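Numbering (mature numbering (1 follows the signal peptide of the UniProt record, and there is no 0)), first residue to last: -24 to -1, 1 to 311. Have a look at the structure below before the remarks.
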Amino acid sequence: MKRAIQLLLLTLIIISSTPQHTHANNEELSQEEIFKGRMELYQKMETVTQVPWYYLAAADTYERGLRRAQRDRPREEGLISIYYEPEVWAGPINPNKEDTDPLSISLFNGVGLDGNGDGIASLSDDEDVLYTFANYLEQYGFDEEDFRIALWDYYQREQSVSIIHGHATVYEHFGNLDLDDHAFPIPLNHNYSYKNTWGDRRGWGGRRIHEGTDIFAGYNVPVRATAYGKVEVKGWNMYGGWRIGIRDLDNIYHYYAHLSGFEKGIEEGSIVSPGDVIGYCGSSGYGKPGTQGKFPPHLHYGMYRDNGYTEWSFDPFPSLKSWERKAYQDRKKKK
Ligand SMILES: [Zn+2]
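Listed below in structure tokens is the structure:
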């Protein structure tokens, strides 16, 4: 009965919406059109399944990051990045791995569903893929705890649950998908300097390589968030001193270390925008809590990417350069 109501709803939505390709070719669209198209899909599925759009957006965004980070995952062709392996979609013992018939797919225990009432359940149809995922979440219920449990059963990995849950809070907070902007961590009107020190040997803490860029600046120069995201970690770390970790929507963890202190109101769970002050430059670290002054004050800035299995650091220097360049251009425009 419930399924019948959903199909009816879907049909009504399809009839009422303007004609459009359900499988948009993402290379022909502007960034704005992509966000708009995605939001329409998320909201359509929210109407049908009651699963909040920001849950769908969060999981889809996480999977987009995985597609960028994993070589064996194909790039998405449409707007939605949620990925099903063909044998999962069609059913493990289905002789036809490209099956798009909802009936035989379900007969072979495949997960693929027809999301737009065209009688076809296709892996390359955004609405079918998103509906299949929303339908999965729907069976767990609609509150935050239900969502976490559904994600746990799906990914079997606490880190994935935590990242997607974080994405959902960020999307719910801002109410839109256009959250790609970045900022340079140090305001341009302060003196600072940095060079590429990626992979240098470090002097303290044994044989570790330098996983980040050091930006030298004076004590208490403001340190700003470089991306939209959620504060995942705040506190003392033996190496990093007073440090903050922020997770952005590309599944990247931004690590800010050696701070002299934190900005008031910044806590674990806080949601930040690029340019928000999160703390102040210092020389904390390399010892027990409160240790400082063992090296000149600087911001140690690191970036770590999650690929669905593990997290690894990559060189933040090129990103810093491009955000800095953009900041100078924007300042020029204002003059
Ligand atoms: Zn450093």
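Virtual Cβ for every residue (Gly too), placed ideally from N, Cα, C. Just so you know, these numbers come straight off a predicted model, no measurement behind them.
Please indicate yes or no: does the CB of residue 276 lie closer than 7 Å to some heavy atom of ligand 1? yes
Using the Cα positions of residue 161 and residue 59, report the straight-line distance between them to the nearest angstrom. 34 Å
Pairwise C-alpha distance: residue 201 and residue 256: 11 Å
Alpha carbon of residue 85 to alpha carbon of residue 103, nearest angstrom: 20 Å
Check for me: the beta strand (DSSP E) holding residue 289 runs from which residue to which? 287 to 290
So the beta strand (DSSP E) residue 169 belongs to, where does it begin and stop? 168 to 170
What separation, rounded to the nearest whole angstrom, lies between the Cα atoms of residue 240 and residue 62? 49 Å
Measure the C-alpha to C-alpha separation of residue 78 and residue 55 and round it to an integer number of angstroms. 22 Å
Pull up the distance between the alpha-carbon of residue 115 and that of residue 270, whole angstroms please. 55 Å
Taking the beta carbon of residue 237 as the centre, do at least 16 other beta carbons fall within 10 Å, making it buried, or is it exposed? exposed
Which full runs of the beta strand (DSSP E) of 3+ residues lie inside the segment 123 to 179, going along the chain? 168 to 170
Three-state secondary structure (DSSP) at residue 92? coil
Start-end ranges of the alpha helix (DSSP H) lying completely within the segment 51 to 82, minimum 4 residues: 62 to 66
As assigned by DSSP and simplified to three states, the class of residue 27: coil
Taking only the alpha-carbon atoms, compute the straight-line gap between residue -4 and residue 113 and give it to the nearest angstrom. Note that residue -4 scores 45 on pLDDT, short of 50, meaning its location in the model is unreliable and no value can be drawn from it.
From this set, 282, 307, 308, which residue's C-alpha is nearest residue 136's C-alpha? 282
If contacts are defined as beta-carbon pairs under 8 Å, then residue 57 and residue 39 qualify, I think. What distance do you get, rounded to the angstrom? 5 Å
Please report the distance separating the alpha-carbon of residue 31 from that of residue 117. 12 Å
Segment contact, 8 Å Cβ cut-off, at least three pairs: the segment 157 to 171 with the segment 132 to 146: no
Residues that residue 268 bridges to, as DSSP identifies them: 260
Is residue 186 a contact residue of ligand 1, with contact defined as CB to any heavy atom under 7 Å? yes
Do you know whose CA, among 192, 187, 188, 226, lies nearest residue 204's CA? 226
Give me, in chain order, the residues of the same chain whose beta-carbon lies closer than 7 Å to that of residue 42; leave out the 5 immediate sequence neighbours on both sides. 49, 283, 284
I believe residue 287 touches residue 229 by the beta-carbon criterion, under 8 Å. Please report the beta-carbon distance rounded to the nearest angstrom. 7 Å
Helix, strand or coil at residue 294 according to DSSP, with G and I counted as helix: helix
Quickly, what does DSSP pair residue 101 with across the bridge? List them, please. Partner(s): none; residue 101 has no beta bridge.
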